[in-house]
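Numbering (our numbering), first residue to last: 2 to 174.
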Amino acid sequence: MKPTVYQVQVRVFLKELQKFYEDNSDYGTLQKPYPANSFFEVICPKAKFWGPLKNILILDSDCTYQWSIVSKDGIPVTFSSADDSFMEFEMLSKDPSPQKWGKIFENPTMDKDKVKVKSTKKDNDFFELDTTLNIEPSVRLKYSFLFEFTDDSGDVKYGSIDPDGSTTPPPEP
2 MKPTVYQVQV
12 RVFLKELQKF
22 YEDNSDYGTL
32 QKPYPANSFF
42 EVICPKAKFW
52 GPLKNILILD
62 SDCTYQWSIV
72 SKDGIPVTFS
82 SADDSFMEFE
92 MLSKDPSPQK
102 WGKIFENPTM
112 DKDKVKVKST
122 KKDNDFFELD
132 TTLNIEPSVR
142 LKYSFLFEFT
152 DDSGDVKYGS
162 IDPDGSTTPP
172 PEP
């Protein structure tokens with residue numbers, strides 16, 4: 002049986018992001034990417050996310066998750082090629098372990114309580130990851146990744162999405 006495929010689209014509000022950080026030219030580099038946590042939304046009608054901000058991913062067994070990233074303004078956005086196209090996940094558990102991670106992804110690279118997963122496809126326009134058949138129900142993961150885009154002056158800029166693990170939306174401005 003073929004695995005279930007979930008399309009996960011991340012829409013980034015780049016113009017607003019750049020305007021918010023326009024007074025600080027240090028942002029946008031690979032060393033200090035734009036923190037885009039307040040400037041994105043997740044669109045995925047079928048994949049399971051937890052919390053009003055869709056900041057916690059609940060994985061299913063034997064699935065392929067195809068992540069894409071787009072700009073609200075039509076500016077081309079890709080997953081960063083500088084980091085060899087990986088997503089980082091943090092298991093929301095009291096005791097994450099290599100054994101637990103091995104039940105979720107094949108060959109994950111573990112760094113303390115986080116794991117880095119490479120895309121199964123070599124394409125920075127989307128990120129694809131496969132889950133194993135052994136996932137326990139209700140495994141909750143916090144996700145994060147780098148993205149890149151070209152600004153109006155032709156410079157490559159970097160941003161990061163590393164949402165807070167809380168489940169309450171931020172206060173209104």
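We put the CB at the ideal spot given by N, CA and C, even for glycine.
{"Asked": "How long is the line joining the alpha carbons of residue 97 and residue 107, rounded to whole angstroms?", "Found": "16 angstroms"}
{"Asked": "List the DSSP bridge partners of residue 52.", "Found": "In DSSP, residue 52 forms no bridge with anything."}
{"Asked": "So is residue 19 buried or exposed if we call it buried at 16+ other beta carbons inside 10 Å?", "Found": "buried"}
{"Asked": "Roughly how far, in whole angstroms, is the beta-carbon of residue 87 from the beta-carbon of residue 43, given that I think they are within contact range, below 8 angstroms?", "Found": "That belief does not hold up - the Cβ atoms of residue 87 and residue 43 are roughly 19 angstroms apart, past 8 angstroms."}
{"Asked": "Note down, in chain order, each residue of its chain lying with its Cβ closer than 6 angstroms to the Cβ of residue 5, except the 5 sequence neighbours on either side.", "Found": "64"}
{"Asked": "Just the C-alpha distance for residue 31 and residue 104, rounded to the nearest angstrom, thanks.", "Found": "32 angstroms"}
{"Asked": "Rounded to whole angstroms, what's the CA-CA distance from residue 102 to residue 81? Just pull it up for me.", "Found": "24 angstroms"}
{"Asked": "Roughly how many angstroms lie between the CA atoms of residue 38 and residue 14, to the nearest whole one?", "Found": "10 angstroms"}
{"Asked": "What does DSSP give as the partner residues of residue 131 in its beta bridges?", "Found": "65"}
{"Asked": "Just curious, the beta strand (DSSP E) that residue 41 is in, first and last residue?", "Found": "41-44"}
{"Asked": "Alpha carbon to alpha carbon, how far is residue 77 from residue 150?", "Found": "6 angstroms"}
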